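There are 2 protein chains.
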Amino acid sequence: MPEPTPVPMSATLAADEALARRRRAGERVLSMASGEIGLPVLPALEDRLAAAAGENAYGPVAGSPALRSAAAGYWERRGLAVDPGLVVAGPGSKPLLFALLLAIGGDVIVPVPGWVSYAAQARLAGARSVHVPVLPGQGGVPDPDRLREAVAGARRAGQSPRAVVVTVPDNPTGTIAPATTVRRLARAARELDLVVVSDEIYRDLVHDGSGPAVSPALYAPERTVVTTGLTKSLALGGWRTGVARLPDSGLGRALHTRLTAVASQIWSSPPAPVQTAAAYAFGEPPEVTERIAASRRLHRTVVRAVAARFTAVGATLAPAAAACYLYPDFEPLREHLAEAHGVHGGDGLAALLSERYGVGVLPATAFGEPGRPLRVRAATSRFYGETAEQRTAALEAVAPGTAGPADPLALPWIRESVDRIGEVLADLAGPPVPAPAPRI
Amino acid sequence: MPEPTPVPMSATLAADEALARRRRAGERVLSMASGEIGLPVLPALEDRLAAAAGENAYGPVAGSPALRSAAAGYWERRGLAVDPGLVVAGPGSKPLLFALLLAIGGDVIVPVPGWVSYAAQARLAGARSVHVPVLPGQGGVPDPDRLREAVAGARRAGQSPRAVVVTVPDNPTGTIAPATTVRRLARAARELDLVVVSDEIYRDLVHDGSGPAVSPALYAPERTVVTTGLTKSLALGGWRTGVARLPDSGLGRALHTRLTAVASQIWSSPPAPVQTAAAYAFGEPPEVTERIAASRRLHRTVVRAVAARFTAVGATLAPAAAACYLYPDFEPLREHLAEAHGVHGGDGLAALLSERYGVGVLPATAFGEPGRPLRVRAATSRFYGETAEQRTAALEAVAPGTAGPADPLALPWIRESVDRIGEVLADLAGPPVPAPAPRI
Chain R
0 MPEPTPVPMS ATLAADEALA RRRRAGERVL SMASGEIGLP VLPALEDRLA AAAGENAYGP
60 VAGSPALRSA AAGYWERRGL AVDPGLVVAG PGSKPLLFAL LLAIGGDVIV PVPGWVSYAA
120 QARLAGARSV HVPVLPGQGG VPDPDRLREA VAGARRAGQS PRAVVVTVPD NPTGTIAPAT
180 TVRRLARAAR ELDLVVVSDE IYRDLVHDGS GPAVSPALYA PERTVVTTGL TKSLALGGWR
240 TGVARLPDSG LGRALHTRLT AVASQIWSSP PAPVQTAAAY AFGEPPEVTE RIAASRRLHR
300 TVVRAVAARF TAVGATLAPA AAACYLYPDF EPLREHLAEA HGVHGGDGLA ALLSERYGVG
360 VLPATAFGEP GRPLRVRAAT SRFYGETAEQ RTAALEAVAP GTAGPADPLA LPWIRESVDR
420 IGEVLADLAG PPVPAPAPRI
Chain P
0 MPEPTPVPMS ATLAADEALA RRRRAGERVL SMASGEIGLP VLPALEDRLA AAAGENAYGP
60 VAGSPALRSA AAGYWERRGL AVDPGLVVAG PGSKPLLFAL LLAIGGDVIV PVPGWVSYAA
120 QARLAGARSV HVPVLPGQGG VPDPDRLREA VAGARRAGQS PRAVVVTVPD NPTGTIAPAT
180 TVRRLARAAR ELDLVVVSDE IYRDLVHDGS GPAVSPALYA PERTVVTTGL TKSLALGGWR
240 TGVARLPDSG LGRALHTRLT AVASQIWSSP PAPVQTAAAY AFGEPPEVTE RIAASRRLHR
300 TVVRAVAARF TAVGATLAPA AAACYLYPDF EPLREHLAEA HGVHGGDGLA ALLSERYGVG
360 VLPATAFGEP GRPLRVRAAT SRFYGETAEQ RTAALEAVAP GTAGPADPLA LPWIRESVDR
420 IGEVLADLAG PPVPAPAPRI
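Residue numbers (numbering that gives the first Met the number 0), protein chains in the order written: chain R, 0 to 439; chain P, 0 to 439.
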């Protein structure tokens, strides 16, 4: 190991910091680069954290018994019952995913497109990542047939793939792989003797009418690790809390031993006061489930309105099914973007959106896509306002029975952001390229 | 990377969990295995954390501007002024140390004996650790002459040592390397082109009358990274907060880029509410410095009383100079321990203390010592009581001008623990082995 492992800064966090600097410098910016959820802490959770401020003991490496029991209950209510002794809590699901790669060992199959940190974490863990494309509209789950080919090829080449990462529902595409694909993936993983690491952090943000998100733990229970956290469902990214559910099998128990050993050497234990508040949240009392339902409705309303702005200018887009992500493809505008803007790929498109319009998005390359696809990821989770008051108003607009406006899109600051992206896209796509032939 | 990296669970955390289980099962145990500080949260800090419970944004990967400025001020008051832009905060100094190994790359020189996690972290980072002994009574800083030999040997063998870790003041020995040794270490590091990673988490716990602890950053400022946290000085281990100070040099700026990239991929950012409280603590208002001074006096009083119990039975021991650690050597009792107890090394001694007496200590092997030295590490930081009331009373016993007893050793629960270890050691060392010849 003569040189440090070359990893880039997390593309989302880097873009976010750059946009924050520009905003502080007085520039008008529209941040769609990061999926950080711009919503306030639920007051009941704020109270729980405040009440736990005197907790300063490390406690168990795997997390407090209360948090592990609460997380087990959370999974049990989703058909994934688990012994709390097989739950490991960490300071975010991101560190848990990293520690899992170290605990599993070997090389890692990642979906393409896939979350920005999987491949970087694999590099830091000394592993290679093998990129396997997803099926159209089935983001987050590598195509099972291509998975078989890729694993066979990697093994012939002397690599040792041992794990496959899936994201259900998916970031960056905002889509949900159907149960049939998840089942085929699980079967392939079993045949190939791979551990499935299922990142289910968006599970509770499946839009009403979409889904459902089905866990591979249903189909390959002996080999599937599930991770989640409160970063997305309850907007608690800054609290740093996540949990992993290990399989109830010899493999799972061996992984538990290795995962807690790795955790003990890297982070000791998750922050104690946060654990106490997180245990309350995973217990899902009514105010928590109501808040999550409201944020789900809010994401759905806003992300669909923004999706319509992308399709209005000719970008193609799988329907958003969960959370706050869009992954539009500007391929139909390739000629125009090249001629009018000198843009030939997602990187150039993201740079143009940032530099000319102050709109932050991430190019497809950040998600591991090869070549020069004209795809970018846009997140709408920052549209809800800059202040706690605005953000609360956005939530109230989707709460049943409140006196707020019926539609969050009627709130001026949300309206303005949605209109702004519409204007930017119209400017990007226009003046209209003359149609090659009359349409009628 | 065909197999997962074999790392053991942190010896301190593992021993602590095992002792906690035995205590819950009703056994009488005396926990001296872990250096977790059994003292309450300072009320002013508890209030700050509670007030920050609504903070849920990630914020910058390197930590909030307020925390970085406060940490820079902390170092400035210790003669180590630094631009806040070169400070990186993390969820504990442990993850920062791990991320630094990844950011620096190459193999790592560690002191022997040295903290349980340095070598394990090196393994997880894909590096080799090169063990260099410390000089007697100068724990934490590898002997500079042996360092030169070891680096030359490692480079001849094709290894790439790039960093040397030092601990000033030291854990496990509780001693402080003198300035002359630190200066020689710094000079050797410069000649050998090594980054010095100086773990200074015990810096504020140097006993009155001992020290001072001198940072290698004074002698090799261009290449020394300093880490610290609030885990020891303010007993905030469960809060998970630490900071790193990078050198103001080309090397330091390159390391900053790599360290924040690694941090962004492993943990995103430190817990936001904790950052706000930590910023207040690093600002060192009077109640914080008073609390740290009180805990310093408490550690000194109790660790010295316990040290006397070890030397009373014939173990040898460098005088405790900082924090709450003792590293007694039972070599003078080797024959007796072998004959009376079948104990031939530190592992056997620690096992005997645990199994027969319920006393948890860690053997020298946990700190990387080869062979079968009859050394163990004993920490007294759990002697202050089991309840918040007892722990507060222990602090009040050393606070100037309070109405409590003048001596924490007069508190029954502390007295009892000190007496208990005295009885255990007397039993271990006795019945007295007949002297080989009359002494007069």
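Glycine included, every Cβ here is placed at the ideal spot set by N, Cα and C.
Since the model is a prediction, treat every value here as computed from it, not as a measurement.
Item: Taking all protein chains shown into account, decide if R:His343 is buried (16 or more other Cβ within 10 angstroms of its Cβ) or exposed.; Value: exposed
Item: Could you spell out where the beta strand (DSSP E) holding P:Thr240 opens and where it closes?; Value: That residue, P:Thr240, is in no beta strand (DSSP E); it is neither H nor E in DSSP.
Item: Round the Cβ separation of R:Pro269 and R:Ala88 to the nearest angstrom and send it over; I've been treating them as touching at under 8 Å.; Value: 5 Å
Item: Within the continuous alpha helix (DSSP H) that includes P:Ala94, where are the two ends?; Value: The amino acid occupying residue 94 of chain P in the given sequence is Pro; Ala does not appear at that position. Where P:Pro94 is concerned, the enclosing alpha helix (DSSP H) stretches over Ser92 to Ile103.
Item: Taking a cut of 9 Å between CB atoms, which residues from the segment 361–387 of chain P lie near chain R?; Value: Ala387
Item: Does the segment 284–294 of chain R come within contact of the segment 106–117 of chain R, defined as at least 3 CB pairs closer than 8 Å?; Value: no
Item: Can you list, in chain order, the residues of the segment 85–114 of chain P whose Cβ is nearer than 8 Å to any Cβ on chain R?; Value: Pro90, Gly91, Lys93, Pro94, Phe97, Leu101, Ala102, Ile103, Gly104, Gly105 and Asp106
Item: Determine which residues share a DSSP beta bridge with P:Arg374 and list them.; Value: P:Asp328
Item: Quick check on DSSP: helix, strand or coil for P:Asp203?; Value: helix
Item: Considering only DSSP beta bridges, list what P:Asp106 is partnered with.; Value: P:Pro160
Item: If you compare alpha carbons, which of R:Pro369, R:Tyr383, R:Ala311 and R:Glu354 is closest to R:Ala17?; Value: R:Glu354
Item: Inspect the beta-carbon positions of R:Leu48 and R:Val273 and report whether they are closer than 9 Å.; Value: yes
Item: Can you tell which of P:Val129, P:Leu245 and P:Ala162 has its C-alpha closest to the C-alpha of P:Arg67?; Value: P:Leu245
Item: Indicate whether the contact test is met: 3 or more Cβ pairs, each with one atom in the segment 35–46 of chain P and one in the segment 258–266 of chain P, closer than 8 Å.; Value: no
Item: Is R:Ser268 close to chain P, meaning its C-beta is less than 9 Å from at least one C-beta of that chain?; Value: yes
Item: Less than 8 Å between the CB atoms is what I'm expecting for P:Gly53 and R:Pro39, so what's the real figure, rounded?; Value: 7 Å
Item: How about R:Met31: is its C-beta nearer than 9 Å to some C-beta of chain P?; Value: no
Item: Hey, P:Leu373 and P:Glu422 are a contact pair by Cβ (cut 8 Å); roughly how many whole angstroms apart?; Value: Contact doesn't hold; Cβ gap of about 20 Å is too wide.
Item: Quick one: Cα of P:Pro141 to Cα of P:Val111, how far?; Value: 7 Å
Item: Which residues, in chain order, does the segment 31–50 of chain P contribute to contact with chain R at a C-beta distance below 9 Å?; Value: Ser33, Glu35, Ile36, Gly37, Leu38, Pro39, Val40, Pro42, Leu44, Glu45, Asp46, Arg47, Leu48, Ala49 and Ala50
Item: Determine the DSSP secondary structure at R:Leu134, reduced to helix, strand or coil.; Value: coil
Item: Just list the residues that DSSP pairs P:Arg244 with in beta bridges.; Value: P:Val86 and P:Val225
Item: Please list, in chain order, all residues of the same chain as P:Ala278 whose beta carbon is under 6 Å from its beta carbon, the five residues on each side excluded.; Value: Ala65, Leu66 and Ala69
Item: Tell me, please, whether the segment 322–338 of chain P touches the segment 161–175 of chain P by the rule of three or more beta-carbon pairs shorter than 8 Å.; Value: yes
Item: R:Ser380: which of R:Arg27, R:Pro3 and R:Thr300 sits nearest, CA to CA?; Value: R:Thr300
Item: Which complete alpha helix (DSSP H) runs does the segment 271–338 of chain P hold, if anything under 4 residues is left out?; Value: 271–281 and 285–311
Item: Do you know whose CA, among R:Thr288, R:Pro42 and R:Val261, lies nearest P:Met8's CA?; Value: R:Val261
Item: Since R:Arg198 sits in a beta bridge, which residues does DSSP pair it with?; Value: This sequence places Asp at residue 198 of chain R; Arg is not what is there. The partner list for R:Asp198 (beta bridge, DSSP) reads R:Thr166 and R:Thr226.
Item: Tell me which residues of the segment 232–244 of chain R have at least one Cβ-Cβ distance to chain P shorter than 9 Å, keeping chain order.; Value: Leu233, Ala234, Leu235, Gly236, Gly237, Trp238, Arg239 and Thr240
Item: So with CB distances below 7 Å, who are the chain P contacts of R:Ala119?; Value: Gln264
Item: Taking only the alpha-carbon atoms, compute the straight-line gap between R:Tyr57 and R:Pro285 and give it to the nearest angstrom.; Value: 30 Å
Item: Given this structure, state the Cα-to-Cα distance separating R:Ser248 from R:Ala80, to the nearest angstrom.; Value: 13 Å
Item: On the CB-based measure, 16 or more other CB atoms within 10 Å of its CB, does R:Pro135 come out buried or exposed?; Value: exposed
Item: Below 8 Å on the Cβ atoms is my contact criterion, and I expect R:Ile175 with R:Ala212 to pass it. Report the Cβ-Cβ distance as a whole number of Å.; Value: 5 Å
Item: Whole angstroms are fine: how far does the CA of P:Val6 sit from the CA of P:Ala119?; Value: 6 Å
Item: Determine, using beta carbons only, whether P:Glu289 comes closer than 9 Å to chain R.; Value: no
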